[in-house]
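Residue numbers (mature numbering (1 follows the signal peptide of the UniProt record, and there is no 0)): -25 to -1, 1 to 94.
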Amino acid sequence: MHYKIHLLFISILLLLPFEENITSAIQCYSGSQLQMIECPSMSCIKQTLGLDTVRYCDGTGVSSICQTYQIFDSCSNIPNLGYICCCSSGLCNSTSINKGNVWFTIIPVIVGFLFFARN
């Protein structure tokens, strides 16, 4: 039994470097050419108003759209601003919301539980 717990613990430790550091700035797409820029905030934004879609870094403090409207890793229709998507992983404001980093954590944990539950 201790062997299985150690194996699960080691698996989790090996996956930690793949997770993004939540204390550092992230990169977001910006502009019409989807340029990658380093952002001072912890959120990227994709904003659609009418037929126009723009991508940029969220502001910080009172300038943060994501915090002002309580949009965290999701999207919401905000009057006069349009459809706003806020996300918190690197380069997540591309043409589709990137949820890939979540799977690096969830899948090994599910596989581990299935393996240990079977034995």
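We treat Cβ as the ideally placed atom computed from N, Cα and C, and that holds for glycine.
Can you give the Cα-Cα distance for C67 and S5, rounded to whole angstroms? 11 Å
With which residues is R30 paired in a DSSP beta bridge? K21
Would you call G25 buried or exposed, if buried means 16 or more other Cβ atoms sit within 10 Å of its Cβ? exposed
Note down the Cα distance separating L62 from P83, rounded to an integer number of angstroms. According to the sequence as given, residue 62 is Cys; it is not Leu. Spanning the two alpha carbons is a distance of roughly 23 Å.
Selection from I1, I85, L89 and R93 that minimises the alpha carbon distance to C32: I1
Residue range of the beta strand (DSSP E) that includes I1: I1 to S5
Taking the alpha-carbon of Q22 as reference, which of C60, N55, Q10 and R93 has the nearest alpha-carbon? C60
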